[in-house]
Amino acid sequence: MNIDFHQRLASVASEIEDVLVTIFDVATDPPVPARLLNAMRYAALGGGKRLRPFLVVETANLLNGDSGAALRAGAAIEFVHVYSLAHDDLPAMDDDDLRRGKPTLHLAFDEATAILAGDTLQTLAFETLSDPATSTDPAMRAELVLLLARAAGGAGMAGGQMLDLEAEGRFSAEVELNAHAIRQLQAMKTGAILSCAVEMGATIGRANAQQYQALLSYGRALGAAFQIADDILDVESSSAELGKATGKDAGRGKGTLVGLWGLGKAKAELARLVDEAVHALALFGEEADILRAAAHFTAERRS
Numbered sequence: 034m035n036i037d038f039h040q041r042l043a044s045v046a047s048e049i050e051d052v053l054v055t056i057f058d059v060a061t062d063p064p065v066p067a068r069l070l071n072a073m074r075y076a077a078l079g080g081g082k083r084l085r086p087f088l089v090v091e092t093a094n095l096l097n098g099d100s101g102a103a104l105r106a107g108a109a110i111e112f113v114h115v116y117s118l119a120h121d122d123l124p125a126m127d128d129d130d131l132r133r134g135k136p137t138l139h140l141a142f143d144e145a146t147a148i149l150a151g152d153t154l155q156t157l158a159f160e161t162l163s164d165p166a167t168s169t170d171p172a173m174r175a176e177l178v179l180l181l182a183r184a185a186g187g188a189g190m191a192g193g194q195m196l197d198l199e200a201e202g203r204f205s206a207e208v209e210l211n212a213h214a215i216r217q218l219q220a221m222k223t224g225a226i227l228s229c230a231v232e233m234g235a236t237i238g239r240a241n242a243q244q245y246q247a248l249l250s251y252g253r254a255l256g257a258a259f260q261i262a263d264d265i266l267d268v269e270s271s272s273a274e275l276g277k278a279t280g281k282d283a284g285r286g287k288g289t290l291v292g293l294w295g296l297g298k299a300k301a302e303l304a305r306l307v308d309e310a311v312h313a314l315a316l317f318g319e320e321a322d323i324l325r326a327a328a329h330f331t332a333e334r335r336s
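Quick note: the sequence shown uses our numbering, first residue 34, plus one each step.
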């Protein structure tokens, strides 16, 4: 299968941007307060690779799923992602000044507006998924809502962030994590949403049991690889390349496999996870090459 991954990633990102803009435009009737809507637009538009929506769209495409449903589901997962970034950047959390190469939301506006914008982006995600415009099948809409709610909640992204704060020693003495605990934290904090993106695409494509299990294995390996790659970038990349502050993990005592093992062993684990993700797609033949390319991109990206 002859593909240009970066061209396809950019094409899907552009399509998702259009859907996000359309959804924000609808949010003016009944009207959302202007400052709140402007903050939501600031957080969500004009930046990011849109990898999570890309995984929704391309997984659905692999199974000949409805492209319109996939784009709206991709927009919903992007709303959850950018809400999490807005809240993670707050002084009470990671206290970051830079995100996607521009001032973080609470600096561009203020802390209260950033909190409310994050809250509203989160609820907008579920409003989008439950809207009949996403799918005429109510069972599919309900399944998409359930998948995203589980991935974003206490046993997923939010719970993973809590474990991350505990590991920093926010509430007691700093906790020294072993490899198993770090993997669990990262599977919740980062991996759950990435895996969810693949599962949402599989749901839209009405995957059979064998296909769904293969895609689930792919999504979980990809999610684990993404976080290790992110931790490596925190050590090796510059703020200009990454679009956010770097070198902060070690100073905060964050639990990472890079910190536990060093770069060499962490990079070997990253390569193993990419291989695992690639081989999980054997069932689909060359039709899944775009998803295989996404796994390699996850490991090789510089931002």
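Think of the CB as a built atom: it goes at the ideal place given N, C-alpha and C, for glycine as much as any other residue.
Asked	Found
Based on the DSSP secondary-structure assignment, which residues constitute the bridge partners of LYS135?	ARG132
For VAL268, tell me which candidate among TYR245, ARG83 and GLY295 has the shortest Cα-Cα distance.	GLY295
Cα-Cα, which of GLU319, ALA220, MET190 and GLN246 is closest to HIS120?	MET190
Take the Cβ of ASN94 as the centre, count every other Cβ of all protein chains shown within 10 Å, and call the residue buried at 16 or more, exposed below.	buried
Check whether the Cβ atoms of ALA313 and ALA235 sit closer than 7 Å, and answer yes or no.	no
For THR153, which three-state DSSP category applies?	helix
Once DSSP output is grouped into helix, strand and coil, what is the label at THR236?	helix
Please tell me whether, using a cut-off of 6 Å, the distance from the CB of ALA328 to the nearest non-hydrogen atom of the ligand ADP is below it.	Questions concerning the ligand ADP fall outside what the structure shown contains, since it holds no ligand whatsoever.
Under 8 Å: do the stretch 68-77 and the stretch 138-155 share three or more Cβ pairs, one atom per stretch?	yes
Three or more beta-carbon pairs under 8 Å between the stretch 74-93 and the stretch 104-111, yes or no?	yes
Over what stretch of residues does the alpha helix (DSSP H) that includes PHE317 continue unbroken?	Looking at the DSSP string, PHE317 is not in any alpha helix (DSSP H), and its letter there is neither H nor E.
My parser needs the beta strand (DSSP E) runs of 3 or more residues fully inside the stretch 145-202; what are they?	none
Within 10 Å of its beta-carbon, does GLY238 have 16 or more other beta-carbons around it, so buried, or fewer, so exposed?	buried
Between which two residues does the alpha helix (DSSP H) holding ASP62 run?	No alpha helix (DSSP H) contains ASP62, which DSSP labels as neither H nor E.
Throw me the rounded Cβ distance for the GLU232 and LEU149 pair, which I believe falls under 8 Å.	Going by Cβ atoms, the distance from GLU232 to LEU149 rounds to 29 Å, so no, they are not a contact pair.
If we call anything under 7 Å between Cβ atoms a contact, is ALA262 one with ILE226?	no
Please return the same chain residues whose Cβ sits closer than 8 Å to the Cβ of VAL178, not counting the five positions on each side in sequence.	PHE159, LEU162 and SER163
If you measure between the beta carbons of ALA257 and LEU88, is that distance less than 7 Å?	no
Between which two residues does the alpha helix (DSSP H) harbouring ILE36 extend?	Element bounds for ILE36: n/a, residue is neither H nor E.
Under 8 Å Cβ to Cβ from MET34, same chain only, skipping five residues before and after it: list those, please.	Bear in mind that the predicted position of MET34 carries a pLDDT of just 48, short of 50, making it too unreliable to give a figure here.
Look at THR167 and ALA102 and say whether their C-beta atoms are less than 7 Å apart.	yes
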